[in-house]
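Undergrad:
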């Protein structure tokens, strides 16, 4: 059996409390993205990741009333941004309403990410979004990521 060295996963994980997690989560994510070679040539992708991290952590804090466990995983094709909270209920996308000031987090993630999905777990749920840097092949899937 031949070993395939073309796929090397790198990942980081951190928990962010309700009391001050959104700003800290963005800063932590920015620091780890800076260590990845492709980010210097993909500022739009970095901005999309940072905004999505903010939205997903905010959703965990506001809607699930939970700390947020953030995991970043780079698999040479996609940066997977996963946020876990303790609420087992799946997220509900809000109907589009231009007069409200909240409820747009998942719509923003949907617009920015190359795919996203919710995974139910015994201890809550995890929302994972995939971000593919410019020049990398897009993931082979239709709709949300699995």
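Numbering (the numbering used here), first residue to last: 683 to 828.
Idealized CB from N, CA, C, for every residue including glycine.
Just curious, the beta strand (DSSP E) that residue 767 is in, first and last residue?
TA: On the chain shown, residue 767 is found 85 positions in, with the first residue counted as 1. From DSSP, the beta strand (DSSP E) with residue 767 extends over 761-767.
Undergrad: With distances taken from CA atoms, which of 814, 733 and 819 is nearest residue 755?
TA: For the purposes of this step, residue 755 is taken as residue 73 along the chain shown, with counting starting at 1. If we check each option's Cα against that of residue 755, 814 comes out closest.
Undergrad: For residue 820, name the three-state secondary structure that DSSP assigns.
TA: For this step, residue 820 is matched to residue 138 along the chain shown. Coil.
Undergrad: Take every Cβ of the segment 742-757, pair it with every Cβ of the segment 697-707, and state whether three or more of those distances are shorter than 8 Å.
TA: Counting Cβ pairs under 8 Å, three or more are found: they touch.
Undergrad: For the structure I just gave you, are there three or more beta carbon pairs, one from the segment 720-734 and one from the segment 766-776, closer than 8 Å?
TA: The segment 720-734 vs the segment 766-776: no contact.
Undergrad: Flag this pair as yes or no: are the beta carbons of residue 810 and residue 762 separated by less than 8 Å?
TA: In the chain shown, the residue the question calls residue 810 occupies position 128. In the chain shown, the residue the question calls residue 762 occupies position 80. Yes, these two residues count as a Cβ contact at 8 Å.
Undergrad: Using alpha carbons as the reference points, say which of 720, 768 and 788 lies closest to residue 817.
TA: Translated into positions along the chain shown, residue 817 becomes position 135. Cα-wise, what sits closest to residue 817 is 720.
Undergrad: Use the C-beta contact count for residue 695: other C-beta atoms within 10 angstroms, 16 or more gives buried, fewer gives exposed.
TA: Numbered from its first residue, the chain shown carries residue 695 at position 13. Label assigned to residue 695: exposed.
Undergrad: Just the C-alpha distance for residue 741 and residue 715, rounded to the nearest angstrom, thanks.
TA: Within the chain shown, numbered from 1, the residue matching residue 741 stands at position 59. Within the chain shown, numbered from 1, the residue matching residue 715 stands at position 33. Whole-angstrom Cα-Cα distance: 22 Å.
Undergrad: Straight-line CA distance for residue 808 to residue 765?
TA: The residue given as residue 808 occupies position 126 in the chain shown. The residue given as residue 765 occupies position 83 in the chain shown. Rounded to the nearest angstrom, the two C-alpha atoms are 5 Å apart.
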